[in-house]
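Quick note on numbering: the numbering used here labels position 251 of the sequence shown as 251, and the sequence is numbered without any gaps.
Heads up, the thing below is written out as structure tokens.
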Amino acid sequence: MERYRNGKISIQKFELTSKVYSSEILHLIYKWLDIALQNDVKDLVIGGSGLKLPIFKILAAKSLRELVLNDCSLEFFSFTKCSSLRKLSLTKINLDENILQTLLNSCPLLVTFILERCSGLKKIELLNHQNIKLVSIKTKGKPKHLVKIQIQTLEHFSYYDLRKEELDVVECQNLKSLNISYVKISNGFLRDFISRSQSLKVLKIQNCDGVLCQNQGVQSYLDALLWICQSRKLKLKIQLKCEMCSCFIDRLMCMKLKVVKVYKYDGKNQGLHPIEFERENLSIFAFRGWETFLFLLDW
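Right, here's the structure in full:
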């Protein structure tokens, strides 16, 4: 790092992660961070218990494009605009609602926002941001999280929540991919949501209470999916119970799609196995419990 400082050499990426840092080397880490910021670092990845980072100083770096922070503490004295930042990823960071909003408002050109297992938040709101295209949120444990997303530019959204809490996503008509896991939603909510997302191309649903819990929900669910997909192609990843799969496939075949390809996930080998089927012989779908399938549809 001394060579970079003395030679004023630009730094493309500075990454430093560890579970725990000893007190003896903390002062060196802060010194290296200062050198990276002074030498126009573009991507900054830092993680480790014991680190206290001056977030206002980091955001003041005019060259910074990606900031990834994991399991460290943030010191908040003042904030400055960081118009260069395009990606912000926060994992296991202690935040509250005011700090989160201040961070987001300090990065007006942010395109990618990732929030994973951060403590201190009861409510997560992303409202009226003008440039964000990708949002990924993963929450875990207490307290209860209420999530509201209202971003017209949003194209990719992923949400994972072990507590299966409520989710409110509105005015995201440009959404291209949706990935939700362990979220408590209903068929009605999902139908209403995808009916407003006419650019949707990829839909992944896993372990979501209330979705396709009864056979009669399959027809309206698939009708809504095909109606909103203007591209006429859809990749659908979903978990189905054994008794649901036959109904699901039967409805697809009645819809006279041009192409229906079905793959079953092999959890043990982490692979995909193509499934050949005929309408008069759906006994091959007599799987036990929940299975994960990938459907490629073209019509």
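All C-beta atoms, glycine included, are put in the ideal place defined by N, C-alpha and C.
8 Å Cβ cutoff met for residue i and residue j
i: I9; j: L37; result: no
i: I46; j: C72; result: yes
i: V202; j: S181; result: no
i: S199; j: N174; result: yes
i: I275; j: K258; result: no
i: L297; j: K233; result: yes
i: I99; j: F76; result: yes
i: V262; j: F293; result: yes
i: L134; j: Q150; result: no
i: E66; j: K87; result: yes
i: V170; j: Y159; result: no
i: F189; j: C172; result: no
i: C107; j: L90; result: no
i: Q130; j: T153; result: yes
i: Q110; j: L69; result: The displayed chain sequence assigns Leu, not Gln, to residue 110. No, Cβ-Cβ distance for L110 and L69 is not below 8 Å.
i: K184; j: E166; result: yes
Cβ-based neighbour list, residue i, same chain, cut-off 6 Å, excluding 5 preceding and 5 following
i: F14; result: A36, V41 and L44
i: A61; result: L37
i: K237; result: K204 and L294
i: N207; result: S181 and Y182
i: K55; result: The residue you asked about is not Lys; residue 55 is Ile in the sequence shown. Excluding residues within five positions, the ones whose Cβ falls inside 6 Å are L74.
i: M1; result: W32 and I35
i: E97; result: K123
i: E125; result: K148
i: S283; result: Per-residue confidence for S283 stands at a pLDDT of 44, beneath the threshold of 50, marking its modelled position as unreliable; no derived number is given.
Exposed unless 16 or more other CB atoms sit within 10 angstroms - verdict on residue i
i: S83; result: exposed
i: K122; result: exposed
i: T80; result: exposed
i: T139; result: buried
i: N94; result: exposed
i: S22; result: exposed
i: S197; result: buried
i: D161; result: buried
i: N346; result: Residue 346 lies beyond the stretch modelled for the chain, which goes from 1 to 299, so this question has no answer here.
i: N39; result: buried
i: H145; result: buried
Whole-angstrom C-beta distance between residue j and residue i, which should lie under 8 Å
i: L115; j: I132; result: With 8 Å as the limit, L115 and I132 do not qualify as a contact, their Cβ atoms being about 12 Å apart.
i: I29; j: L16; result: 7 Å
Same chain, Cβ closer than 7 Å to residue i, neighbours up to 5 away in sequence not counted
i: H273; result: Y263, K264 and D266
i: K19; result: G48 and S49
i: Q12; result: K42 and D43
i: F193; result: V169
Contacts around residue i, its chain only, beta-carbon distance under 8 Å, and the 5 residues preceding and following it disregarded
i: K52; result: C72, S73, L74 and E75
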